[in-house]
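S.K.:
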Amino acid sequence: MTQTQPGPASTSAAHYPPDRFLDRELSWLAFNQRVLELSEDEDLPVLDRTKFLAIFASNLDEFFMVRVAGLKRRIATGIAVRSASGFTPREVLENIWERAYELQREQALLFHRVIRPELEREGIQLLRWEELTPAEKSETQVFFTTKVFPVLTPLAVDPSHPFPYISGLSLNLAVVVRNPTTGNELFARVKVPPLLPRFVEVAPARFVPLEDVIAAHLDVLFPGMEIQQTHTFRVTRNEDVEVEEDDAENLLLALERELMRRRFGPPVRLEVEESIDPHVLELLVEELDVSEQEVFRLPGPLDLTGLWTIVGLDRDQLKQRRFVPKTSRQLTEVESAHEPDILSVVRERDVLVHHPYDSFSTSVQLFMEQAARDPHVLAIKQTLYRTSGDSPIVDALIKAAESGKQVLALVEIKARFDEQNNIEWARKLEEAGVHVVYGLVGLKTHSKLSMVVRDDGDQLRRYCHIGTGNYHPKTARLYEDLGLLTCDPAVGEDVSNIFNVLSGYSMNTEYRRFLVAPHSVRIGLIERIDREIKHAREGLPSGIRFKCNSIVDEGIIDALYRASQAGVPIQIWVRGICAVRAGVPGLSDNIRVISILGRFLEHSRVYSFTNGGNTETWIGSADLMHRNLDRRVETLISLSDPEQIADLDSLFDMAFDPETSAWDLLPDGEWVRRLYDEQGRHLRDYQETLIDIKRKGGFAP
Numbered sequence: 000m001t002q003t004q005p006g007p008a009s010t011s012a013a014h015y016p017p018d019r020f021l022d023r024e025l026s027w028l029a030f031n032q033r034v035l036e037l038s039e040d041e042d043l044p045v046l047d048r049t050k051f052l053a054i055f056a057s058n059l060d061e062f063f064m065v066r067v068a069g070l071k072r073r074i075a076t077g078i079a080v081r082s083a084s085g086f087t088p089r090e091v092l093e094n095i096w097e098r099a100y101e102l103q104r105e106q107a108l109l110f111h112r113v114i115r116p117e118l119e120r121e122g123i124q125l126l127r128w129e130e131l132t133p134a135e136k137s138e139t140q141v142f143f144t145t146k147v148f149p150v151l152t153p154l155a156v157d158p159s160h161p162f163p164y165i166s167g168l169s170l171n172l173a174v175v176v177r178n179p180t181t182g183n184e185l186f187a188r189v190k191v192p193p194l195l196p197r198f199v200e201v202a203p204a205r206f207v208p209l210e211d212v213i214a215a216h217l218d219v220l221f222p223g224m225e226i227q228q229t230h231t232f233r234v235t236r237n238e239d240v241e242v243e244e245d246d247a248e249n250l251l252l253a254l255e256r257e258l259m260r261r262r263f264g265p266p267v268r269l270e271v272e273e274s275i276d277p278h279v280l281e282l283l284v285e286e287l288d289v290s291e292q293e294v295f296r297l298p299g300p301l302d303l304t305g306l307w308t309i310v311g312l313d314r315d316q317l318k319q320r321r322f323v324p325k326t327s328r329q330l331t332e333v334e335s336a337h338e339p340d341i342l343s344v345v346r347e348r349d350v351l352v353h354h355p356y357d358s359f360s361t362s363v364q365l366f367m368e369q370a371a372r373d374p375h376v377l378a379i380k381q382t383l384y385r386t387s388g389d390s391p392i393v394d395a396l397i398k399a400a401e402s403g404k405q406v407l408a409l410v411e412i413k414a415r416f417d418e419q420n421n422i423e424w425a426r427k428l429e430e431a432g433v434h435v436v437y438g439l440v441g442l443k444t445h446s447k448l449s450m451v452v453r454d455d456g457d458q459l460r461r462y463c464h465i466g467t468g469n470y471h472p473k474t475a476r477l478y479e480d481l482g483l484l485t486c487d488p489a490v491g492e493d494v495s496n497i498f499n500v501l502s503g504y505s506m507n508t509e510y511r512r513f514l515v516a517p518h519s520v521r522i523g524l525i526e527r528i529d530r531e532i533k534h535a536r537e538g539l540p541s542g543i544r545f546k547c548n549s550i551v552d553e554g555i556i557d558a559l560y561r562a563s564q565a566g567v568p569i570q571i572w573v574r575g576i577c578a579v580r581a582g583v584p585g586l587s588d589n590i591r592v593i594s595i596l597g598r599f600l601e602h603s604r605v606y607s608f609t610n611g612g613n614t615e616t617w618i619g620s621a622d623l624m625h626r627n628l629d630r631r632v633e634t635l636i637s638l639s640d641p642e643q644i645a646d647l648d649s650l651f652d653m654a655f656d657p658e659t660s661a662w663d664l665l666p667d668g669e670w671v672r673r674l675y676d677e678q679g680r681h682l683r684d685y686q687e688t689l690i691d692i693k694r695k696g697g698f699a700p
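Here the sequence shown stands for residues 0 to 700, where the numbers follow numbering that gives the first Met the number 0.
#1: If we count Cβ pairs, one from each stretch, closer than 8 Å, do we get three or more for the region 534–554 versus the region 617–636?
#2: Run through DSSP, which three-state label would residue 273 get?
#3: Please look up how many angstroms separate the CB atoms of residue 634 and residue 515, rounded, as I've assumed it's under 8 Å.
#4: If the criterion is Cβ atoms closer than 8 Å, does the pair residue 121 and residue 317 meet it?
#5: Mark residue 167 as exposed unless 16 or more other C-beta atoms lie within 10 angstroms of its C-beta, in which case mark it buried.
#6: Ignoring anything shorter than 4 residues, give me the alpha helix (DSSP H) runs that lie fully in the region 204–239, in order along the chain.
#7: Quick check on residue 506: buried or exposed, where buried means 16 or more other Cβ atoms within 10 Å of its Cβ?
#8: Can you tell me where the beta strand (DSSP E) with residue 154 in it begins and where it stops?
#9: In whole angstroms, what is the alpha-carbon distance linking residue 556 and residue 463?
#10: Quick check on residue 567: does DSSP put it in helix, strand or coil?
#11: DSSP on residue 575, reduced to helix/strand/coil?
#12: Of all Cβ atoms in chain D, is any one closer than 8 Å to the Cβ of residue 515?
#13: Check for me: the beta strand (DSSP E) holding residue 356 runs from which residue to which?
#14: Only counting runs of 4 or more residues, tell me where the alpha helix (DSSP H) segments fall wholly within the region 393–472, in order along the chain.
#15: Considering residue 380, what are the terminal residues of the beta strand (DSSP E) in which it resides?
#16: Distance, Cα to Cα, residue 100 vs residue 64?
#17: Alpha carbons only, please: which of 443, 444, 204 and 461 is nearest the one belonging to residue 451?
#18: Go ahead and pull the three-state DSSP assignment for residue 581.
#19: Roughly how many angstroms separate the alpha carbons of residue 360 and residue 410, rounded to a whole number?
#20: Just the Cα atoms here: how many angstroms apart are residue 200 and residue 206?
#21: Assign residue 289 to one of three DSSP states: helix, strand, or coil.
#22: Go through its chain and collect everything with a Cβ distance to residue 703's Cβ below 6 Å, but skip five positions before and after it.
#23: Classify residue 693 as buried or exposed, calling it buried when 16 or more other Cβ atoms lie within 10 Å of its own Cβ.
#24: Alpha carbons only, please: which of 602, 224 and 343 is nearest the one belonging to residue 477?
#25: So for residue 675, helix, strand or coil by DSSP?
#26: Once DSSP output is grouped into helix, strand and coil, what is the label at residue 345?
#27: Does the Cβ of residue 479 have 16 or more other Cβ atoms within 10 Å, making it buried, or fewer, making it exposed?
#28: Can you name the residues that DSSP bridges to residue 266?
#29: Would you tell me roughly how many angstroms separate the C-alpha atoms of residue 563 and residue 585, rounded to the nearest one?
#30: What does the alpha-carbon distance come out to for the pair residue 678 and residue 484?
#31: Closer than 8 Å is the cut-off here; do at least three beta carbon pairs connect the region 268–280 with the region 12–28?
#32: In three-state DSSP terms, what is residue 485?
#33: Apart from the five residues on each side of it in sequence, which residues of its chain come closer than 7 Å, Cβ to Cβ, to residue 659?
#34: Rounded to the nearest angstrom, what separates residue 236 and residue 264 at their Cα positions?
#35: Are residue 351 and residue 481 closer than 8 Å when you measure CB to CB?
#36: Taking DSSP as the reference, what is the three-state secondary structure of residue 661?
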């Protein structure tokens, strides 16, 4: 990056405009809108467009379960204060209800008007019950009788049967029946079984929603009664987990109790089909205690996360071309007869791997598996935040412990929505003889660290992996992440000290190649931003390049505004939430913000500083949010290899190239997609271009 003309003198934060931060919740909704826009992209195959509809739906579910639930809780407890954007929590909540409802209706209309007809043109039909042929209805009756009916439990509502508890995210039928003898109308609820297929295949590539099948056979559930009305509804509940951590020894038990309570959190959204009878809706609203704004009337079918059933069809011609990750060329230059000898390569040089373009299984996973079976390895230490249900990483740790190695696993059991999995893995590891610890009271351990201690004959050497993503083989095929493999003694000493802090009573906060939250990530980044300001004023090369999932922290954003005013060119590449106002005259003229979404989820965090021409680049686990910088153990490591730094610079160059498709953030907070050039030609797809580069053995353009 080159230096631009210095702007006006730095302004203290107190004199910045009060509206200089975008609202984080509304920014998240803008991110999910970008996901929805991928479903509108006619250049994508139809099953990929369908996939993005499902992702949009599941994203919005989690947003309501956590963020909206948190806002409601703060309002109810009276601790609500204005956000950095200047909105009160009530104002934010009202904006969320309005915008989320608009987006969800857009999603439903896109499904009905565009995606469903396009699927039908490709021979995949998503039908409603009345569209089935008589033969299909007859065949489906057999399916209902044998597979569905035995697991259904109709729950009546009358003076002797109170309104049943409706679990979060469950799909339900509200049924009104009439007693032909007395003429009385009664209400009942039927839960759609969540473990059965969401869309039932009634004929090859012809599907009908499961709730339609149940609704068509309600006479079997209510014999002798007349079915008057049937309406589908769905409730979203507060499913965030809060655990008191004063007693760390009982953390597992406390968390398990809280996970049980999660199922009974208060409602935060009621989705109903727009055809619902007003009296039935009135009953649901009263019994569930939801407000009018929390009712989302939508075209059916509800819950489009069920489209994953369709996405999973074996129709490769309706999806983007298959991509099989390759072993990093840095690892294949020195290899054994069957597989790369990871430790031998790392003894020779640092290796920077880029997933999913570089295979996770033949790099990080293989690193752990080879260490587990290497007789010269004495100890392994590992953080685990999220991992898969059949984790080869966990299996490697268990094998290492069983072979007599000293193994430490720091399991973060408070990883949201993975708590139960992590509790089970923690117990399995303990049973195998692994030393399991749960980190520091009051802090989540989000760092991605592995360390292998090996007796190399001449010395004990520490081999380390520092990543930006989880040790999760499945998501490593979908998430874009970076990882550094190194046996640099300085890194080994730093990683040892970090593990000692996490597992013992060490108070160490000084590191040679690391910034570690909550002590030094924020202050370390701000110090480097201020250094760029100094360089700009001295006429030296200056520039800042950030890549992260979210940027919200006001201290860092204000520092970036100061740098922009000093003439430092700033590029911010963000996937999700962004509270920065870019390109505002006099405030952020020199800040440009883009977002790239695609087949892979951009997950890596990179923080790069031109530093007078001696570029300094950091990678790691930390996003620029309060929770990451203040309430988590996060690590950033500085790269030392000029070639690796240049490779990451090349990624930024391509991402910000006008010929690359991306979303641009405008000064008013709107995101605009750049998809075609002035001649109407499709701009370069960043991720597809990298796939081609990796196939040829390169790292970056």
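Cβ coordinates follow ideal geometry from the N, Cα and C atoms, glycine included.
M.R.: According to the data block:
#1: By the C-beta criterion, the region 534–554 is judged to be in contact with the region 617–636, since at least 3 inter-stretch pairs fall below 8 Å.
#2: The three-state reading of DSSP puts residue 273 in coil, since its state is none of H, G, I, E or B.
#3: Confirmed, Cβ separation roughly 5 Å.
#4: For residue 121 and residue 317, yes; Cβs fall inside 8 Å.
#5: Its Cβ being crowded by 16 or more others within 10 Å, residue 167 is buried.
#6: Listed in chain order, the complete alpha helix (DSSP H) runs (minimum 4 residues) inside the region 204–239 are 209–215 and 217–220.
#7: It is exposed - the Cβ of residue 506 has fewer than 16 other Cβ atoms within 10 Å.
#8: Per DSSP, the continuous beta strand (DSSP E) segment holding residue 154 begins and ends at 154–156.
#9: Going by the C-alpha atoms only, they are around 32 Å apart.
#10: Secondary structure of residue 567 (DSSP, three-state): coil.
#11: It is coil, neither helix nor strand.
#12: Of the protein chains in this structure there is only one, and it is not chain D.
#13: Following the DSSP letters along the chain, one finds residue 356 in no beta strand (DSSP E), marked with neither H nor E.
#14: If you keep only unbroken alpha helix (DSSP H) runs of at least 4 residues inside the region 393–472, you get 418–430.
#15: Unbroken beta strand (DSSP E) run through residue 380: 376–383.
#16: If you take the alpha carbons of residue 100 and residue 64, they lie about 15 Å apart.
#17: Closest by alpha carbon: 461.
#18: Residue 581: coil per DSSP, three-state reduction.
#19: Across the structure, residue 360 and residue 410 are spaced so that their CA atoms are roughly 21 Å apart.
#20: One alpha carbon belongs to residue 200, the other to residue 206, and they sit about 4 Å apart.
#21: Three-state result, residue 289: coil.
#22: The chain is shown only over 0 to 700; residue 703 falls outside these bounds and no answer can be derived.
#23: By the 10 Å Cβ count, residue 693 comes out buried.
#24: Among 602, 224 and 343, the Cα nearest to that of residue 477 is on 602.
#25: Residue 675 sits in a strand when the DSSP states are folded into three classes.
#26: Of the three classes helix, strand and coil, the one that applies to residue 345 here is helix, per DSSP.
#27: Answer is buried; the Cβ neighbour count reaches 16.
#28: Beta-bridge annotation (DSSP): residue 266 is paired with 236.
#29: Between residue 563 and residue 585, the C-alpha separation is close to 9 Å.
#30: In this model, residue 678 and residue 484 are separated by some 44 Å (Cα to Cα).
#31: When C-beta atoms of the region 268–280 are compared with those of the region 12–28, fewer than three pairs fall below 8 Å, so the two segments do not count as touching.
#32: Strand, per DSSP.
#33: The residues are 653, 682, 683 and 685.
#34: If you take the alpha carbons of residue 236 and residue 264, they lie about 5 Å apart.
#35: Yes, Cβ-Cβ distance for residue 351 and residue 481 is below 8 Å.
#36: Here residue 661 sits in strand by DSSP.
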